[in-house]
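Participant:
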Amino acid sequence: AARTSAVVADAAATEADTLAALDPMIRLPLAELCFPVLRLRHPAEQGRVRETVNALIYADGMLTAFEYCLSRLLHRELYESVHHAPPWPVRRRTLAGSRDAVGTLLAVLADAGHTDPGAAARAFTAGLAQVIPEWQVGYFPPAQGVVALDAVWPALDGLAPPEKARLVAGLATVVGHDGEATVAEVELLRMICGVLHCPLPLPA
Numbered sequence: 006a007a008r009t010s011a012v013v014a015d016a017a018a019t020e021a022d023t024l025a026a027l028d029p030m031i032r033l034p035l036a037e038l039c040f041p042v043l044r045l046r047h048p049a050e051q052g053r054v055r056e057t058v059n060a061l062i063y064a065d066g067m068l069t070a071f072e073y074c075l076s077r078l079l080h081r082e083l084y085e086s087v088h089h090a091p092p093w094p095v096r097r098r099t100l101a102g103s104r105d106a107v108g109t110l111l112a113v114l115a116d117a118g119h120t121d122p123g124a125a126a127r128a129f130t131a132g133l134a135q136v137i138p139e140w141q142v143g144y145f146p147p148a149q150g151v152v153a154l155d156a157v158w159p160a161l162d163g164l165a166p167p168e169k170a171r172l173v174a175g176l177a178t179v180v181g182h183d184g185e186a187t188v189a190e191v192e193l194l195r196m197i198c199g200v201l202h203c204p205l206p207l208p209a
């Protein structure tokens, strides 16, 4: 209400009550349906939307996977609508030259989708073997969780399309390793593909 108006805040609360009954898998795709409309707004208004969403996200002092995914997709979408370029400098990179970024990305995804550290480690190893088979490294999920992904985007967005495809295939391997896709895994995979400007993998 402080950033918009009481009318908008009340409308958001009403919509939230309705949306709470939806399947959680629908949340991120539904939010993305709003992006084309937001792209048409004035940059100053887009900035207020981003600020308001961030205020809502951090109001409880916590950051869920969904909140991270929504904030990063929204930021990338609105930034590129104004600047016609990603929010970071893109330099041509290779998977072999981006090992740390690949390891972080796979570890965060494995950690988000598995409560058992052993199962997460096995999923991580299987994904890594598909992306950089010659590299063997242990599974060490970053302590900061999904926020650690902020450091990987500049490197991985510079991959050539075939290498991006290999990376996404490895991510899909992590998600499907235990035969079950959690909401957090699906949301992260959707966000990763959106931020890296590549298509989602087809369901198995």
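Residue numbers for the sequence shown follow our numbering, so the first one is 6 and each next one is one higher. Backbone N, C-alpha and C fix where the C-beta goes; we use that ideal spot for every residue, glycine too. From a predicted model like this one, the values you see are computed outputs, not experimental measurements.
Can you list, in chain order, the stretches of the alpha helix (DSSP H) that have 4 or more residues and sit fully within the stretch 102-160?
Facilitator: Correct list: 104-118, 122-136.
Participant: Less than 7 Å between C-beta atoms, sequence neighbours within five positions excluded: which residues of the same chain meet that for I62?
Facilitator: Result list for I62: L68, E72, S76, in chain order.
Participant: How should T23 be labelled, buried or exposed, when 16 other C-beta atoms within 10 angstroms of its C-beta is the threshold for buried?
Facilitator: T23 should be labelled exposed.
Participant: Over the uninterrupted alpha helix (DSSP H) stretch that includes W76, give me the two end residues.
Facilitator: The amino acid at residue 76 is misidentified as Trp; the sequence shows Ser. Start and end: 70-88.
Participant: Exposed or buried, what is Q149 when buried is set at 16 or more other beta-carbons lying within 10 Å of its beta-carbon?
Facilitator: When all chains shown are included, Q149 counts as exposed.
Participant: Note down, in chain order, each residue of its chain lying with its Cβ closer than 6 Å to the Cβ of T215, except the 5 sequence neighbours on either side.
Facilitator: Here the chain comprises residues numbered 6 to 209, so residue 215 is not present and cannot be evaluated.
Participant: By Cβ distance below 8 Å, which residues in the same chain neighbour V95 in space, the five residues on each side in sequence not counted?
Facilitator: These residues qualify, in order along the chain: P159, D162, G163.
Participant: Pull up the DSSP beta-bridge partners for R98, would you.
Facilitator: Paired residues: L164.
Participant: Specify, as a first and last residue, the run of the alpha helix (DSSP H) that D15 falls within.
Facilitator: Here the alpha helix (DSSP H) through D15 covers 11-24.
Participant: Near A101, what residues of its chain come up, given a Cβ to Cβ distance below 7 Å and the 5 sequence neighbours on each side ignored?
Facilitator: If we look at A101 and ignore the five residues flanking it on each side, its Cβ neighbours are I137.
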